[in-house]
Every structure is written in structure tokens, then in C-alpha cells.
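Peer 1:
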Amino acid sequence: MGKRVILLSSAALVVAGIAVAVWWNWLRAPYALADSPTVDVTVRAQKSAYPDVRETAEDVDTLVRVYVQRLKDGDAGGVAELAGPAYKEPGPTAAEYVRAYGEAAGGHVDVTVLEGSVDYFNPIAVTYEQTGQRQDLVLVKDDGHWWISLGDGDPAAGQ
2 MGKRVILLSS
12 AALVVAGIAV
22 AVWWNWLRAP
32 YALADSPTVD
42 VTVRAQKSAY
52 PDVRETAEDV
62 DTLVRVYVQR
72 LKDGDAGGVA
82 ELAGPAYKEP
92 GPTAAEYVRA
102 YGEAAGGHVD
112 VTVLEGSVDY
122 FNPIAVTYEQ
132 TGQRQDLVLV
142 KDDGHWWISL
152 GDGDPAAGQ
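Quick note on numbering: the sequence shown equals residues 2 to 160 in this note's numbering.
(1) Indicate the three-state DSSP secondary structure (helix, strand or coil) for G103 in the structure shown.
(2) Three Cβ pairs or more, each shorter than 8 Å: is that satisfied between the region 69 to 79 and the region 104 to 114?
(3) Reducing DSSP to helix, strand and coil, say where V40 ends up.
(4) Starting from Y129, trace the beta strand (DSSP E) in both directions and tell me its first and last residue.
(5) Helix or strand or just coil, what does DSSP make of K89?
(6) Who are the near neighbours of F122 in its chain, counting only those whose CB is closer than 7 Å to its CB and skipping five residues on each side?
(7) By DSSP, does Q70 sit in helix, in strand, or in coil?
(8) Give me the Cα-Cα distance between I125 and A30, rounded to the nearest whole angstrom.
(9) For E97 and I7, what's the separation of their Cα atoms in angstroms?
(10) Using 10 angstroms around the beta-carbon of Y173, count the other beta-carbons present and answer buried if the total reaches 16, otherwise exposed.
(11) Give the range of the beta strand (DSSP E) segment to which V119 is assigned.
(12) Looking only at its chain, what residues have a beta carbon closer than 6 Å to the beta carbon of V67, apart from the 5 residues adjacent to it on each side?
(13) Might you give, ordered along the chain, the residues of its own chain that have their beta carbon closer than 7 Å to the beta carbon of R55, omitting 5 neighbours on each side?
(14) Quick check: what's the CA-CA separation for G92 versus V65?
(15) When DSSP builds the beta bridges, which residues end up paired with Q136?
(16) Below 6 Å CB to CB, which residues in the same chain sit around S49 once its five sequence neighbours on both sides are set aside?
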């Protein structure tokens, strides 16, 4: 009886370990919001008859907050990391965005997720209330995660 309990406990630990490894490597987003600087971001879906617009707004919430946080911090390298695996040399575009919108990211930022024409490309409108600037971005879903279209690449090639 004792050996059976130890064997079952060991098997349960192995299964739990595998589940954690799978989550850590494949399901967990490869980006995360840092503790600072704090950002004031509202993400909402465009009014639409399609429920997937609301679902996409929920899915991209963290990505958009991380993007604004990196802009506010002046972290062009961090912005470039949000470009995703299909994009080459996102650095110059990321640096341009930090220069253009970094200061504006210090105020309230309103993000509207717009209807996309396909389910793995989605346009968003980013409005920086502090300066009145508006930025139109395209988000791309690749390998189960949303990314920002930065630099050169063809994310649709793998779809």
C-alpha cells in the first residue's frame, strides 16, 4: 500500500511538472507588464455586431499595456521585442515610435480595437490624450500570441 501511494504521488508530480513546463514554454505570453512605470490605458472594442471584436480586445489588453509602458519608459528595445517572430529589424521602427509617442504615453491612453478583415490581423487606434496624437497599429497573431506589426516581415506566410 505504501509503495503504491509513493508511486502515485511521484506520477502526479511528474504530470504536474509537465503541465507547468508546457504552460511556461507555450501558453504563457512572452511579454509581461513590468512593475514600473505605471500606465493609464483603456482598451475597448469598437462597437460591432461581431463578438470576436470584444474577444480580441480582451486578448490584446496586456500587449497594448506593455507597449504603452515601454513607450513611456523610452525603451525602444522593449518595444522592438513586441514585434514578434515574423518581423526582421524592428528596432528602427520601435525607436521612431518611442520618439513620436513616448512623452504622450505619460498621460491617459485610449485604445480602440477595430474590426479586422481576418482573425490573425487586427487594426487598433491608439489615442494619446495628453498630446491629442493618434496612432494606427496592426496587431498580428502568431503562435497563439498577439504581436505588434513592426519592421519588415510577412506574418501571413505561416498562416
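All residues carry an ideal CB built from backbone N, CA and C; glycine is no exception.
These numbers were taken from a predicted model, which means no experiment stands behind them.
Peer 2: Here's the rundown:
(1) The sequence position of residue 103 within the sequence shown is 102, counting from 1. Taken through DSSP and simplified to helix, strand or coil, G103 comes out as coil.
(2) With a cut-off of 8 Å, the region 104 to 114 and the region 69 to 79 count as touching, because enough Cβ pairs lie within range.
(3) The residue labelled residue 40 in the question sits at position 39 within the sequence shown. In this structure, V40 counts as coil in the three-state DSSP scheme.
(4) Counting from 1 along the sequence shown, the entry for residue 129 is found at position 128. Counting along the chain, the beta strand (DSSP E) containing Y129 begins and ends at 122 to 129.
(5) Stepping through the sequence shown from its first residue, residue 89 is reached at position 88. It is a strand residue.
(6) Position 121 of the sequence shown, counted from the start, is the residue given in the question as residue 122. Only V139, V141 meet the Cβ criterion.
(7) Numbered from 1 along the sequence shown, position 69 holds the residue referred to as residue 70. In the structure shown, Q70 sits in a helix (DSSP, three-state: H, G or I).
(8) Translated into the one-based positions of the sequence shown, residue 125 becomes position 124. Translated into the one-based positions of the sequence shown, residue 30 becomes position 29. Distance between the alpha carbons of I125 and A30 is about 20 Å.
(9) One-based indexing of the sequence shown puts residue 97 at position 96. One-based indexing of the sequence shown puts residue 7 at position 6. Each residue's alpha carbon lies about 58 Å from the other.
(10) Residue numbering for the chain in the displayed model covers 2 to 160; residue 173 lies beyond these limits and cannot be assessed.
(11) As a position in the sequence shown, residue 119 is number 118, starting the count at 1. Neither: V119 is in no beta strand (DSSP E) and is coded neither H nor E.
(12) Residue mapping note: residue 67 aligns to position 66 of the sequence shown, counting from 1. Here the set comprises Y32, L34.
(13) Here residue 55 corresponds to residue number 54 of the sequence shown, with the count starting at 1. Here the set comprises A46.
(14) Against the sequence shown, residue 92 aligns to sequence position 91. Against the sequence shown, residue 65 aligns to sequence position 64. Cα-Cα distance, rounded: 18 Å.
(15) The sequence position of residue 136 within the sequence shown is 135, counting from 1. In DSSP, Q136 forms a bridge with V127.
(16) Locating residue 49 in the sequence shown gives position 48, counting from the first residue. Answer for S49: E116, listed in chain order.
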